[in-house]
């Protein structure tokens, strides 16, 4: 997929809508624009983009991705998607099959099928050494395990996810650390949770990522209250307020409410 930012993608989408520069849009970019068109509510463009993506597809895998996106656009049944996934795996298109089975798992959340297809997707990704796919796969398997109240299994997948995220992917590491910290906290492992939240906070601060700072400091405030340290909880929440104000952003209302509650106690 081309490395383009949101504004560039929107510009290309507008050009496509006007029929300009269509010949320069390959299958990968066209499928990326499909997601953008959906996000922007440009549904009329989705069909045109899918037709174009299929018409310029150069190999079976590209054509398979086009078929997958078309089935999703047509609200195809789960069985139809499973059939495409099985055919893709049979044809040796493991990346495509893994993506399809991951999607089927998401469609199946709350049922036994969710774990079955998430594991099938993960197996294919591990065989292909698809690190990015494995990161998403472990996050999904952790979510499924948590929904089944298997918190230790969920934590295992969250740890595996963190272990394979490259050091250069700082935003992803920030999120993974916060998720794993929450898991440790749920199991009463407060010291491990605190260490991971502090590391997540350090990354969020370096990136100036307000959402990451909020999540980490909120979690640290939770740990402080669990440990009967309301003053420390107040420090963490006050830091959130200060950070948002210095950035010129509105302080989230739950933060204000929580500070007010701590002040009145």
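Residue numbers (the working numbering): 9 to 273. Note that CB positions come from ideal geometry on N, CA and C, so glycine has one too. Note that this is a predicted model, so its numbers are computed, not measured.
Exposure label - residue i; buried when at least 16 CB within 10 Å
i	result
residue 172	exposed
residue 54	buried
residue 19	exposed
residue 253	exposed
residue 263	buried
residue 35	buried
DSSP state of residue i mapped onto helix, strand, coil
i	result
residue 68	helix
residue 50	coil
residue 43	helix
residue 15	helix
residue 82	coil
residue 195	coil
residue 216	coil
residue 173	coil
residue 59	helix
residue 10	The predicted model places residue 10 with a pLDDT of 43, which falls under 50 and marks its position as unreliable; any figure quoted below should be read in that light. Residue 10: coil per DSSP, three-state reduction.
residue 266	helix
Inter-residue CB distance, residue i and residue j (contact presumed, cutoff 8 Å)
i	j	result
residue 224	residue 212	6 Å
residue 45	residue 21	6 Å
residue 267	residue 249	7 Å
residue 208	residue 241	Going by Cβ atoms, the distance from residue 208 to residue 241 rounds to 17 Å, so no, they are not a contact pair.
Closer than 7 Å: residue i CB and nearest the ligand PLP heavy atom
i	result
residue 22	Annotation note on the ligand PLP: not contained in the displayed structure, which lists no ligands.
(message) Report the start-end ranges of each beta strand (DSSP E) in the stretch 228 to 264 that is 3 residues or longer and not cut off at the edges.
(response) none
(request) Kindly confirm or deny that the stretch 103 to 111 and the stretch 125 to 132 touch, where touching means at least three C-beta pairs closer than 8 Å. (result) yes
(request) Taking 8 Å as the threshold, find out whether the stretch 85 to 99 comes into contact with the stretch 56 to 65 through three or more Cβ pairs. (result) no
(message) List, from N- to C-terminal side, the alpha helix (DSSP H) runs of 4 residues or more that fit wholly inside the stretch 91 to 129.
(response) 102 to 115
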